[in-house]
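Chemist:
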Amino acid sequence: MKAPNLHLNLLRENEKVSSSPVRLRVMLPILTLLLCVGCALWWAMLFTQLLLLRAKVSSASADLDGKKAAHSAILAEMAKARDQQAELDQLLAYKNGRRTYGGLLAQLADVLPMRVQLTSLSIPEQAPMDLRNPLNPRLPALLGPTGTTERVTFRLKGRTAKSAPVTTLMESLEGSAFKDWLVIDKAGPTALQSPRVHSFKQEATAAPDAKRLLAFDVEYRCQDRRFEK
Amino acid sequence: MKLQLTKDKTIDVKMPWEKPAGGASSHAGTGPADVVGVVFDASDARGCPAVRLQRRKGEYHLVAAGFVPAPAAALPASWDESRQQPEWTLPVAYQAPQAALAVVSPDMFIRQTTPDALLAEGNAAEAEKSAPKKKLGVRREQPAEKEKVAAPKVEAPVPFVPVSQAGTRFVTAPLAEDPFILQTGLPEYQVLWLSRLLPEGKRPTACSVQTAPSALLAALHEQPEFVKAGGTAMAVFVTRATIYFAAYRKGELILFRECPGAAGSDVMRELVKSGLGVGDDLVDSILEDTLIDPRPALEPLVRPVLQQLQISLDYLSQRHEVHVDHVFLMGLGVGAGYWSQFALETIGVPFISPDVFEGLGKPTKADALPADLTPVQSQAFLAALGAARAAMEGA
Chain C
50 MKAPNLHLNL LRENEKVSSS PVRLRVMLPI LTLLLCVGCA LWWAMLFTQL
100 LLLRAKVSSA SADLDGKKAA HSAILAEMAK ARDQQAELDQ LLAYKNGRRT
150 YGGLLAQLAD VLPMRVQLTS LSIPEQAPMD LRNPLNPRLP ALLGPTGTTE
200 RVTFRLKGRT AKSAPVTTLM ESLEGSAFKD WLVIDKAGPT ALQSPRVHSF
250 KQEATAAPDA KRLLAFDVEY RCQDRRFEK
Chain U
10 MKLQLTKDKT IDVKMPWEKP AGGASSHAGT GPADVVGVVF DASDARGCPA
60 VRLQRRKGEY HLVAAGFVPA PAAALPASWD ESRQQPEWTL PVAYQAPQAA
110 LAVVSPDMFI RQTTPDALLA EGNAAEAEKS APKKKLGVRR EQPAEKEKVA
160 APKVEAPVPF VPVSQAGTRF VTAPLAEDPF ILQTGLPEYQ VLWLSRLLPE
210 GKRPTACSVQ TAPSALLAAL HEQPEFVKAG GTAMAVFVTR ATIYFAAYRK
260 GELILFRECP GAAGSDVMRE LVKSGLGVGD DLVDSILEDT LIDPRPALEP
310 LVRPVLQQLQ ISLDYLSQRH EVHVDHVFLM GLGVGAGYWS QFALETIGVP
360 FISPDVFEGL GKPTKADALP ADLTPVQSQA FLAALGAARA AMEGA
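Those protein sequences? They're chains C and U, same order as listed. Using our numbering, you'd call the opening residue of the first sequence number 50 and step up by one each time. Using our numbering, you'd call the opening residue of the second sequence number 10 and step up by one each time.
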């Protein structure tokens, strides 16, 4: 059975009101007003912050302009100080790298046996360092030495009538009196061994008394020069 | 969902979860799902009958029924009186979101008519309104063209749309018998007064204002006997002042008429009192008990009603070939048994007077219904139930 529409309603649609206590026609303008006020406040806060930031920026830029000359002077002073410090460091390194051999020579005179004639006492110059770029030799050379140490040797050349005095001399040089200058290393590689006997042979030319002498050439490695602070 | 943007503007927003109006079943209705129907009858000393109905899963459930205190002021009798606007607040159990008011007013009318008759009435009213008024004093010659002012043409009213005409607001509904329509209305100021009676922002607010006789028509549809009869039945609605006949064919209204020359249950009580010489307090017991036979006192009232009912039944059988086996007697508090005896003797069909709330889901709150509510007493809530039911049925 179909239930027909028997609703004879005398009320018009526009006369019906809502039973909800929340009325849109009241709440909508209030909410809109609050939203507008909120937006205006937010915009005002943003605008104030922008103004403050602009003022800060302008004062900071003015301050920066005022300090620019002083800043460049400070930078120049700092660069100068750096240069001077570098020079000072270099001088200090050279000072630390300085070696004196007067004591060695004085001690040598005391231990030099009879029948030994020293013909040459030298601290040879080091061979020039290889400044080529180790990675690619075709590239420009390096600007300076890569290490801060320098090897130093002490070379003795002389004559004697027989070998015993030379052996005595070498034994004396291995003593504790020379340990501040000479390095004794007989176990290392041949190139680094100390002492290193270059030659010990009969001299070609005879002496005036027609006696043939033995010439010796011995090299000792000294303490390295260290160019460090 | 309806959104009220301004006081005068309401928009209807269709939410995804809402069913379209055409898709809802005819039984479930398309109106609000929680409505309190209230009869606004200031003359009843018990208060105003109120019934709260809820639609749950397509079924109607009774939530509360009882008498609520009447508002502070009576229905206005003129435009001047309508300016005094009281506010009416219902008890908590009846505070549904929406309310359907069924009004008992001496100025209301309800009748079966035709669109042509309505048009003729409307045109006559407009012609009278636009006719030049007679002036007292020296009669002067008026130009002829001014005499012949053409009255605006009145258009036929659209069904279920309220029309304001000559200070009256009325609404029409088509009957199942073409071209008849049912027309009911109230004075404009009473409708406006009623629309503002339940204040905005508080539960409930009025979603429907109906005349009490029109509200009665929808009260019968949930009755099991009515459903069993396939919706084809005759109903005799007895109110305090008037008796109405309504005929249904397959649930649709086919005939509506006011019983001519007959008064309602108040006159019946007066007849019993005067005929049997008893006081007002004994009338109910006499009409309910069988110790004293009140039929001689009732006969002058009931016989003419039954004759008119017979005429209506004959009209139905001859005009529409509708043979009615079920006649409902609704709205009569006491004495229905004697009416039924008269009916059986006169027209050969007894009256059916069921419990008004039969066929509805019962309330979950026991205290929402009067404890001693009998089927006889439930008849007082017929118009309230019908108002709520009609408001829930159609938007």
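Cβ coordinates follow ideal geometry from the N, Cα and C atoms, glycine included.
From this set, U:TYR69, U:GLY56, U:SER52 and U:ALA133, which residue's C-alpha is nearest MET401 (chain U)'s C-alpha?
Modeler: That would be U:TYR69, whose Cα lies nearest to the Cα of MET401 (chain U).
Chemist: Select from C:THR202, C:SER108, C:LEU140 and C:PRO78 the residue whose C-alpha is nearest the C-alpha of TYR150 (chain C).
Modeler: Per the Cα distances, C:THR202.
Chemist: What residues from the stretch 107 to 135 of chain U come within 9 Å of chain C, judged by C-beta to C-beta, listed N to C?
Modeler: Listed in sequence order: GLN107, ALA108, ALA109, LEU110, VAL112 and ILE119.
Chemist: Quick check: the Cα distance between PRO259 (chain U) and GLY131 (chain U), rounded to an integer number of angstroms?
Modeler: The sequence given here has Lys at residue 259 (chain U), not Pro. Between LYS259 (chain U) and GLY131 (chain U), the C-alpha separation is close to 33 Å.
Chemist: Thinking just about the alpha-carbon of each residue, which of C:MET163, C:ARG103 and C:SER169 is nearest to the one in ALA213 (chain C)?
Modeler: Among C:MET163, C:ARG103 and C:SER169, the Cα nearest to that of ALA213 (chain C) belongs to C:MET163.
Chemist: Counting contacts by CB-CB distance shorter than 8 Å, is LEU82 (chain C) in contact with chain U?
Modeler: Not closer than 8 Å to any Cβ of chain U, the Cβ of LEU82 (chain C) fails to qualify, so no.
Chemist: According to DSSP, is ALA33 (chain U) helix, strand or coil?
Modeler: Residue confidence for ALA33 (chain U) is low, a pLDDT of 33 falling below 50, so the modelled location carries little weight and cannot support an answer.
Chemist: In the DSSP assignment, the beta strand (DSSP E) including ASP43 (chain U) goes from what residue to what residue?
Modeler: It spans 43 to 49 - the beta strand (DSSP E) in which ASP43 (chain U) sits, taken as one unbroken run.
Chemist: Are the CB atoms of ALA221 (chain U) and VAL385 (chain U) within a distance shorter than 8 Å?
Modeler: For VAL385 (chain U) and ALA221 (chain U), no; Cβs fall outside 8 Å.
Chemist: By the 10 Å Cβ neighbour count, where 16 or more other Cβ atoms means buried, how is ALA227 (chain U) classified, buried or exposed?
Modeler: That one is buried.
Chemist: Of the residues C:ASP114, C:MET127, C:GLU268 and C:THR97, which one's Cα is nearest the Cα of SER171 (chain C)?
Modeler: When only C-alpha atoms are compared, the closest one is C:GLU268.
Chemist: Is any beta-carbon of chain U found at less than 8 Å from that of PRO70 (chain C)?
Modeler: Yes, because at least one Cβ of chain U sits closer than 8 Å to the Cβ of PRO70 (chain C).
Chemist: Along chain U, which residues have their Cβ under 9 Å away from the Cβ of LYS105 (chain C)?
Modeler: Under the 9 Å cutoff, chain U gives no residues; its nearest Cβ is about 48 Å from LYS105 (chain C).
Chemist: How about PRO196 (chain U): is its C-beta nearer than 8 Å to some C-beta of chain C?
Modeler: With 8 Å as the cut-off, PRO196 (chain U) does not count as an interface residue toward chain C.
Chemist: Using only alpha-carbon positions, find the residue among U:SER294, U:LEU394, U:PRO106 and U:LEU229 that is nearest to SER362 (chain U).
Modeler: It is U:LEU229 whose Cα lies nearest to the Cα of SER362 (chain U).
Chemist: Could you give the first and the last residue of the continuous beta strand (DSSP E) run that contains PHE265 (chain U)?
Modeler: Its beta strand (DSSP E) spans residues 261 to 267.
Chemist: In chain order, what residues of the same chain have a beta carbon less than 8 Å from the beta carbon of SER321 (chain U), not counting five sequence neighbours either side?
Modeler: Cβ within range, chain order: MET243, PHE254, ALA256, LEU264 and ARG266.
Chemist: With DSSP as the reference, label ARG131 (chain C) as helix, strand or coil.
Modeler: In this structure, ARG131 (chain C) counts as helix in the three-state DSSP scheme.
Chemist: On the DSSP bridge assignment, give the partners of SER107 (chain C) in chain order.
Modeler: Its beta-bridge partners do not exist; DSSP assigns none.
Chemist: What three-state label does DSSP hand VAL77 (chain U) in the structure shown?
Modeler: Strand.
Chemist: If PRO58 (chain U) sits next to ALA389 (chain U), beta carbons under 8 Å apart, how far is it from one beta carbon to the other, in whole angstroms?
Modeler: With a Cβ gap of about 5 Å, PRO58 (chain U) and ALA389 (chain U) count as contacting.
Chemist: Just the chain C side, please: which residues come within less than 8 Å of CYS57 (chain U) by C-beta, in chain order?
Modeler: Within chain C, no residue comes near CYS57 (chain U); the closest Cβ sits about 18 Å away, beyond 8 Å.
Chemist: Consult DSSP for VAL190 (chain U) and reduce its assignment to one of helix, strand or coil.
Modeler: The question names Val, but residue 190 (chain U) is Ile in the sequence shown. ILE190 (chain U): strand per DSSP, three-state reduction.
Chemist: So the candidates are U:MET117, U:GLY210 and U:ARG178; which of them puts its Cα closest to the Cα of LEU73 (chain C)?
Modeler: Among U:MET117, U:GLY210 and U:ARG178, the Cα nearest to that of LEU73 (chain C) is on U:GLY210.
Chemist: Using 10 angstroms around the beta-carbon of GLY288 (chain U), count the other beta-carbons present and answer buried if the total reaches 16, otherwise exposed.
Modeler: So GLY288 (chain U) counts as exposed.
Chemist: So, under 8 Å CB-CB, ALA396 (chain U) and ALA105 (chain U) are touching, yes? Tell me the CB distance rounded to an integer number of Å.
Modeler: Their Cβ separation, rounded to whole angstroms, is 12 Å, which puts ALA396 (chain U) and ALA105 (chain U) out of contact at 8 Å.
Chemist: For a quick check, are the C-beta atoms of VAL160 (chain C) and VAL215 (chain C) less than 8 Å apart?
Modeler: No. Outside cutoff.
Chemist: Check the Cβ of GLN219 (chain U) against every Cβ in chain C and list those closer than 8 Å, keeping chain order.
Modeler: Residues of chain C passing the Cβ test: HIS56, LEU57, ASN58 and LEU59.
Chemist: Per the DSSP calculation, GLY207 (chain C) is bridged to which residue(s)?
Modeler: Answer is C:LEU167 and C:PHE265, bridged to GLY207 (chain C).
Chemist: How would you write the range of the alpha helix (DSSP H) that LEU201 (chain U) sits in, first residue to last?
Modeler: From DSSP, the alpha helix (DSSP H) with LEU201 (chain U) extends over 197 to 204.
Chemist: Any chance the stretch 70 to 77 of chain U sits against the stretch 172 to 179 of chain U, with 3 or more Cβ pairs inside 8 Å?
Modeler: Flag = no, the stretch 70 to 77 of chain U and the stretch 172 to 179 of chain U do not touch.
Chemist: Assuming PRO41 (chain U) and GLN107 (chain U) form a contact by the criterion Cβ under 8 Å, report the distance between their Cβ atoms to the nearest whole angstrom.
Modeler: Yes, they are in contact, since the Cβ atoms of PRO41 (chain U) and GLN107 (chain U) sit about 5 Å apart, within 8 Å.
Chemist: With respect to the alpha helix (DSSP H) encompassing LEU157 (chain C), which residues constitute its N-terminal and C-terminal limits?
Modeler: Counting along the chain, the alpha helix (DSSP H) containing LEU157 (chain C) begins and ends at 151 to 160.
Chemist: Can you have a look at ILE123 (chain C) and say buried or exposed, based on whether 16 or more other CB atoms are within 10 angstroms of its CB?
Modeler: With fewer than 16 Cβ atoms within 10 Å of its Cβ, ILE123 (chain C) is classed as exposed.
Chemist: Output, in chain order, the set of chain C residues within a Cβ distance shorter than 7 Å of ARG61 (chain U).
Modeler: Those do not exist, as ARG61 (chain U) stays about 14 Å from chain C at its closest Cβ, beyond 7 Å.
Chemist: Going by DSSP, name the residue or residues bridged to GLY370 (chain U).
Modeler: DSSP lists U:HIS70 as partners of GLY370 (chain U).
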